[in-house]
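Colleague: The structure under discussion is supplied below as structure tokens; questions concerning it will follow.
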Amino acid sequence: MGILIHDAASYRRPDVVRAHFSLRGDVAIQSVATGSPAYNLGIRQNDTLASVMGIDVEALANSGEKTWERAARINRMLAEQGPEGLVRLARADDRGLATSFELEPVELCASRFELQSGNSKAAADGERVLVGDSFPAFAYSNPKFAAALAHEMAHNLLGHLDHFETYGRRGGRVRKSERDADRLMPWLLYNAGYDPRAAVEFMREWGPRHGGGILRKRTHDGWDERVDLIEAELPRIEAVATDGKVDWQIHFVPMLKEEG
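For any residue, its number in the working numbering is found by taking its place in the sequence shown, counting from 1, and adding 47.
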């Protein structure tokens with residue numbers, strides 16, 4: 048559909064968020080991808096949602112739950128779609144009147160990307176890439192920032208959390224998963240139109256500051272070793288690239304594999 052939503056109630060100061068974005072309710076469109084089904088129907092950033100799949104958004108908030116859960120519930124509803132494969136949304140205008148839309152989803156990205164307040168980390172949960180609003184790589188160049196996102200997206204694409212659910216985290220599995228996420232970074236960058244060497248440049252900037260040195264997590268290699276792993280993928284990408292794309296699902300060989 049090409050939209051991200053956010054819920055003002057999930058921020059520390061919902062009133063400030065509503066005022067800043069001129070929202071008429073808590074749930075709104077955070078961003079819209081140009082050319083997406085939502086964009087083509089006239090849905091725009093900061094539009095306030097009145098209902099989703101015919102249900103008023105106010106009715107989707109449950110007493111006692113965590114503030115982020117309503118947005119997560121709405122995202123699940125959008126993903127499940129309706130019986131005709133359509134998503135029904137209603138937007139509230141300045142007078143409080145609702146305008147309804149029916150969107151036909153198209154296949155796009157395997158992960159959603161969400162911004163979190165009060166956080167300086169990036170992480171993946173199997174379906175989403177979660178980026179804190181004070182994540183240091185926001186100050187990097189676009190290609191290097193894309194590399195940081197590619198690392199987290201790689202965890203989702205390679206199904207690492209599902210693997211841990213099945214086989215556990217011991218036996219070096221977490222470290223192998225981190226190596227695979229590093230190694231897949233340049234493949235994903237190449238397919239996104241970036242120079243795959245941006246993954247190397249990202250690690251060289253990130254590693255000395257955030258790699259931890261002797262205090263680094265034992266689940267990760269040293270940043271210089273991570274650079275070596277990434278660089279080893281570059282000639283492999285060049286060897287199989289066709290028309291500006293690489294089929295990593297065929298040519299990328301993960302270290303973390305299905306077990307017996």
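The beta-carbon is built from N, C-alpha and C at its ideal position, and this holds for glycine as well.
State the start and end residues of the unbroken beta strand (DSSP E) segment that holds Val-74.
Modeller: That run of the beta strand (DSSP E) goes 74-79.
Colleague: Per DSSP, which residues does Glu-149 bridge with? Please list them.
Modeller: Answer is Arg-135.
Colleague: Using only the alpha-carbon positions, how far apart do Ser-188 and Asn-87 sit?
Modeller: Near 30 Å, if we compare the C-alpha coordinates of Asn-87 and Ser-188.
Colleague: Provide the residue span of the beta strand (DSSP E) that contains Arg-65, from first to last.
Modeller: Unbroken run through Arg-65 is the alpha helix (DSSP H), 61-68; no beta strand (DSSP E).
Colleague: Could you check whether the region 218-228 touches the region 286-305, counting it as contact only if at least three pairs of C-beta atoms, one from each stretch, sit closer than 8 Å?
Modeller: Output reads yes: the region 286-305 touches the region 218-228.
Colleague: Can you find the residues in the same chain that come closer than 8 Å, C-beta to C-beta, to Ala-195, ignoring five residues on each side of it along the sequence?
Modeller: Correct list, in chain order: Ala-169, Phe-182, Ala-184, Tyr-187, Phe-249 and Trp-253.
Colleague: Is the CB-CB distance between Leu-70 and Ala-56 below 8 Å?
Modeller: Not closer than 8 Å, so no.
Colleague: Which residues mark the beginning and the end of the alpha helix (DSSP H) in which Leu-196 is found?
Modeller: Start and end: 189-204.
Colleague: Do Val-99 and Leu-136 have their beta-carbon atoms positioned less than 8 Å apart in this structure?
Modeller: Closer than 8 Å, so yes.
Colleague: Ignore the nearest five residues each way along the sequence and tell me which others in Leu-262's own chain have a CB closer than 6 Å to its CB.
Modeller: Reliability of the predicted coordinates at Leu-262 is poor, the pLDDT of 39 falling under 50, and the value obtained from them is presented with this limitation in mind. Within the same chain, Leu-262 has no close Cβ partners at all.
Colleague: Mind checking whether Arg-220 and Ile-277 have CB atoms under 8 Å apart?
Modeller: No, the Cβ-Cβ distance between Arg-220 and Ile-277 is not below 8 Å.
Colleague: Measure from the alpha carbon of His-163 to the alpha carbon of each residue in Glu-272, Tyr-58, Ser-83 and Gly-291, then state which is nearest.
Modeller: Contrary to the premise, residue 163 reads as Gln rather than His in this sequence. Out of Glu-272, Tyr-58, Ser-83 and Gly-291, Tyr-58 has the C-alpha closest to the C-alpha of Gln-163.
Colleague: By Cβ distance, which residues of its chain are closer than 7 Å to Met-10, with the 5 residues on each side in sequence left out?
Modeller: The chain is shown only over 48 to 307; residue 10 falls outside these bounds and no answer can be derived.
Colleague: Between Arg-175 and Ser-147, how many whole angstroms is the CB-CB distance? I'm expecting something under 8 Å.
Modeller: With a Cβ gap of about 27 Å, Arg-175 and Ser-147 do not count as contacting.
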